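Asker:
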Amino acid sequence: MAERHASTFLASLRELTLARIREFLREPEAVFWVFGFPVIMTIALGIAFRSRTDEPVIVAVERVAGADAVLAALAGAGGFVVRDVPVSGVERALRDGIVQVVIVPGTPASYRFDPARAESQVARLAVDRVLQQAAGRRDAFTPREDAVRAVGSRYIDWLVPGLLGMNIMGTGMWSTSFAIVTARTRKLLKRFAATPMPRAAYLAALIGSRLAFLVLEGVVLVAFAWLSFDVVVHGSLAALAVVSLLGALAFGGIALLVASRARTVEGVSGLLNLVMLPMWVFSGVFFASSNFPEAMQPFVQALPLTALNDALRGVMNDGETLAGLWRELALLAAWGGVSFAAALKLFRWA
Amino acid sequence: MPPEVALACRAVVKRYADVVAVDGLDLQVFRGECFGLLGPNGAGKTTTIEMLEGLLTPDAGEVEVLGQRWADAGTALRPRLGIQLQETQLADKLSVSETLRLFRAFYPSGRSVPELLALVGLESKAGAWVGKLSGGQRQRLSVACALAGNPDVLFLDEPTTGLDPQSRLQLWDVLRRFKAGGGTIVLTTHYMDEAATLCDRIGVVDRGKLIALGTPDALVQSLGTAHVVEVTFEGGTPPPGAWFTGLPGVVEARVAEGVVTLGSSAIHATIPAVLTALAEAGAAVQELRTHSATLEDVFVALTGRHLRDG
């Protein structure tokens, strides 16, 4: 009897997984969003955050007495772009990032800049150095500069694992929960519940089919980043695959839980955003999660996307082995397992 | 030997927030019969069938399926039942045979996909996507899914609602074949002709209660009138019902919405008598129709409303 039960479970799991994969592949829009979107995102961000080594500093100089001397000093030093900004437009030009610093000539000169912007701070230092030297300051020493441009230490190298993690979360959450809510509104879940289908097999098949897509998705993104930005995987590809699979399992489980009761697509969309928004912000996709205050770290570190991104960066950037990432992997497994069990309990079939 | 009971409801009650959907229903369905639950929309047919299917739990009373209760033997019962729900939309982008293979996988034993296709006459559509099927084909596929596990009992909730006449006939054929193989069928319908054609016995349900039970013939005979005469008049109000009751063969007379409905046990005597009496009284007859009494007349006699009124 138990054996017969197990074979029904496996047959159900296999057919449900195949059905899900077939349905997905027959939905052209879904295929685009899963495979095309991460690539477009990588291209856009790769361009926006490409390593800027000789970017000019953009300044404005107020047309008052002494302006000519300032302009001459900047022109002599090189590397500055001077924009004409009317006096009334200074605030706005700084806010919009049209100029990075505004110089008001005088004795002493004053700098208007936005200290909250890194590029504004850098511009202020660069301008100050040139003007101080023009006024006669001598540097105490000339340092030797050693610019790091090696592959593996650029922003894009750090960004790609984060994008991969965000993608594993996003596509997993959206596609799984939408599939559930659609089947629920079409009363297909109720129809399944009226058969002897093992209910855990239905949930497991949703996660299982995700793993199949993930292989394609992950390969597309990693291969694209490697071919167009020279982003390399320092650790083993097998370790990267294991980390990605565990991440997909964790977010698959969370998606099941999020969609376990929702009756409408609108309802589940709201819940998904609520669940994912903190992770987009806190989990170190675009900037390091260590930027957040110490008091928030226990929360930030408990988020599954933080664990996934840390583990992906561990493998891709630092060449870590799976053993070295056991904490992150255990956290992901726990998120997946607990969510799956809770979803099975809470799931609304009718 | 008394027939074996396949399904039983005893004093079953189901309430929703503000309505009592099923109100103390008693019912028995025997092995090998086709049992029809007949009633207007909202009568409690779907709620009743879903309690038998184990999809809803009654608030009071007992439900027994194949001698067992859902609470005790749910997992053992499931594979023995084939269930077709009223509102299910199967996945549009799976093919007919993929859908059948999926449902077949849920059952420990059952029929093969080609067998199922042949059973419902969808062999030529095996590779077509469900989304491309006509309403009748979809409904047959839905029944084929319910037959995938080779069930002992087949539940159908309004299987032919919205279908064209030919599709209905095709589906009726499928059900007759299932029954010929020894299967038990419970179906709900608000088509009296469907109930009369397919069902061995019929339970008429109205407002959550069983108001009549029997074979289609017995129900019609219980009216005491083999024929029904309906008369409408040109202008003016028709004479009151009592005006007709003394005429030959007239067993019963009712007037509703300008139509006089007479139940007659001797149609050959009633019609001439009615026409003569009306002519003498100077009433201008617009239309006179007559038909053999049907389940619809039974329902109207029991409730004063028509089945389709809802």
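First to last, the protein sequences are chains A and B.
Taken in order, the first sequence gives residues -17 to 332; the numbers are from our numbering.
Taken in order, the second sequence gives residues 331 to 640; the numbers are from our numbering.
Backbone N, C-alpha and C define an ideal beta-carbon position, used for all residues, glycine too.
A quick note: this is a predicted structure, and the numbers were derived from the prediction, not measured.
Identify the residues that DSSP records as bridge partners of B/LYS462: which are they?
Answerer: The partner list for B/LYS462 (beta bridge, DSSP) is empty, contrary to what the question assumes.
Asker: Give, in chain order, every unbroken run of the alpha helix (DSSP H) that is at least 4 residues long and sits entirely within the stretch 266 to 323 of chain A.
Answerer: Counting only runs of 4 or more, we get 279 to 284 and 286 to 298.
Asker: Along the chain, where does the alpha helix (DSSP H) that runs through A/PHE264 open and close?
Answerer: Start and end: 247 to 264.
Asker: Quick one: residues in its chain with C-beta nearer than 8 Å to the C-beta of B/ARG408, no 5 flanking neighbours on either side, listed in chain order?
Answerer: So the list reads GLY384, once near-sequence residues are dropped.
Asker: Tell me which residues share the same chain as B/CYS475 and place their Cβ nearer than 7 Å to its Cβ, disregarding the 5 neighbours each side in the sequence.
Answerer: So the list reads THR429, LEU430 and PHE433, once near-sequence residues are dropped.
Asker: Alpha carbon to alpha carbon, what distance is there between B/LEU477 and B/GLY544?
Answerer: Each residue's Cα considered, the two are about 27 Å apart.
Asker: Which value, in whole angstroms, describes the spacing of the CA atoms of B/LEU625 and A/THR(-1)?
Answerer: Roughly 47 Å between the two C-alpha positions.
Asker: What residues are listed by DSSP as bridge partners for B/THR562?
Answerer: Bridge partners of B/THR562: B/GLU617.
Asker: To the nearest angstrom, how far is it from the Cα of A/MET298 to the Cα of A/LEU222?
Answerer: Distance between the alpha carbons of A/MET298 and A/LEU222 is about 7 Å.
Asker: Determine which residues share a DSSP beta bridge with B/CYS339 and list them.
Answerer: DSSP, once it has assigned bridges, lists B/LEU357 and B/VAL393 as partnering B/CYS339.
Asker: Quick one: residues in its chain with C-beta nearer than 8 Å to the C-beta of A/VAL109, no 5 flanking neighbours on either side, listed in chain order?
Answerer: Here the set comprises VAL39, VAL41, LEU56, PHE62, VAL83, ILE85 and TYR93.
Asker: What is the rounded straight-line gap between the Cα of B/PRO568 and the Cα of B/ALA614?
Answerer: Roughly 10 Å between the two C-alpha positions.
Asker: Tell me which same chain residues have a C-beta within less than 7 Å of the C-beta of A/TRP331, skipping the five on either side of it?
Answerer: Closer than 7 Å at Cβ, skipping near neighbours: LEU171, LYS172 and ALA175.
Asker: Measuring CA to CA, which of B/SER552, B/GLY538 and B/ASP503 is closest to B/CYS529?
Answerer: Of the candidates B/SER552, B/GLY538 and B/ASP503, the one whose C-alpha sits nearest the C-alpha of B/CYS529 is B/ASP503.
Asker: What would DSSP say about B/GLY640, mapped onto helix, strand or coil?
Answerer: Note that B/GLY640 has pLDDT 42, beneath the 50 cutoff, so the model's placement of it is unreliable and no number is given.
Asker: List the whole-angstrom C-beta distance separating B/ALA435 from A/GLU(-3), where the pair is believed to meet the contact cut-off of C-beta under 8 Å.
Answerer: With a Cβ gap of about 4 Å, B/ALA435 and A/GLU(-3) count as contacting.
Asker: Check whether the stretch 312 to 322 of chain A touches the stretch 357 to 375 of chain B, counting contact only when three or more Cβ pairs, one atom from each stretch, lie closer than 8 Å.
Answerer: Cβ pair count under 8 Å is below three, so no.
Asker: Report the neighbours of A/ALA244 on chain B: residues whose CB is nearer than 9 Å to its CB, in chain order.
Answerer: In chain order: nothing, as chain B lies at least about 18 Å away.
Asker: With 16 as the cutoff for other CB atoms within 10 Å, does B/ASP547 come out buried or exposed?
Answerer: Classification for B/ASP547: exposed.
Asker: Looking at the unbroken beta strand (DSSP E) that takes in A/TYR93, where does it start and where does it end?
Answerer: Taken as a continuous stretch (DSSP letters only), the beta strand (DSSP E) holding A/TYR93 covers 92 to 95.
Asker: Name the two residues that bound the continuous beta strand (DSSP E) containing B/LEU517.
Answerer: Residues 514 to 519.
Asker: With a 10 Å radius around its C-beta and 16 neighbouring C-beta atoms as the bar for buried, classify B/GLU488 as buried or exposed.
Answerer: When all chains shown are included, B/GLU488 counts as buried.
Asker: Looking at chain B, which residues of the stretch 159 to 170 of chain A have a Cβ within less than 7 Å of any of its Cβ atoms?
Answerer: Residues ARG168, LYS169 and LEU170.
Asker: Have a look at B/SER472 and B/PHE360 and give me their C-alpha separation to the nearest angstrom.
Answerer: Using only the alpha carbons, I get a separation of about 24 Å.
Asker: Apart from the five residues on each side of it in sequence, which residues of its chain come closer than 6 Å, Cβ to Cβ, to A/THR153?
Answerer: So the list reads VAL16, once near-sequence residues are dropped.
Asker: Along the chain, where does the beta strand (DSSP E) that runs through B/LYS539 open and close?
Answerer: Its beta strand (DSSP E) spans residues 539 to 544.
Asker: Chain B partners of A/LEU330, CB-CB under 7 Å?
Answerer: Correcting the residue type first, residue 330 of chain A is Arg in the shown sequence and not Leu. None at all; the shortest Cβ gap to chain B is about 13 Å.
Asker: In angstroms, rounded to a whole number, what distance separates the CA positions of B/GLY372 and B/VAL580?
Answerer: C-alpha separation (whole angstroms): 34 Å.
Asker: Report the residue from A/GLY79, A/ALA122, A/ARG120 and A/GLY48 whose alpha carbon sits nearest the alpha carbon of A/GLN103.
Answerer: Checking every option, the nearest Cα to that of A/GLN103 belongs to A/GLY79.
Asker: Express the C-alpha separation of A/ILE189 and A/ARG2 in angstroms, rounding to a whole number.
Answerer: Using only the alpha carbons, I get a separation of about 10 Å.
Asker: Nearest by alpha-carbon distance to B/LEU420: which of B/GLN469, B/GLU453, B/VAL443 and B/GLN398 is it?
Answerer: The option with the nearest alpha carbon to B/LEU420 is B/GLN469.
Asker: DSSP state of A/ASP50, grouped into three classes?
Answerer: Residue state, collapsed to three classes: helix.
Asker: Measuring only from the beta carbon, is A/ALA30 closer than 7 Å to any heavy atom that is part of the ligand GTP?
Answerer: Absence of the ligand GTP is noted for the structure shown, with no ligands found whatsoever.
Asker: Please classify B/SER442: does DSSP put it in a helix, a strand, or coil?
Answerer: Reduced to three states, the DSSP call for B/SER442 is coil.
Asker: Do B/ALA603 and B/PRO578 come within 8 Å of each other at the CB atom, strictly closer than that value?
Answerer: Yes, the pair counts as a contact, with Cβ atoms nearer than the cut-off.
Asker: Looking at C-alpha atoms only, which residue of A/LEU294, A/PHE264, A/ALA(-7) and A/SER(-11) is the closest neighbour of A/LEU285?
Answerer: Selected option, being the one with the closest Cα: A/PHE264.
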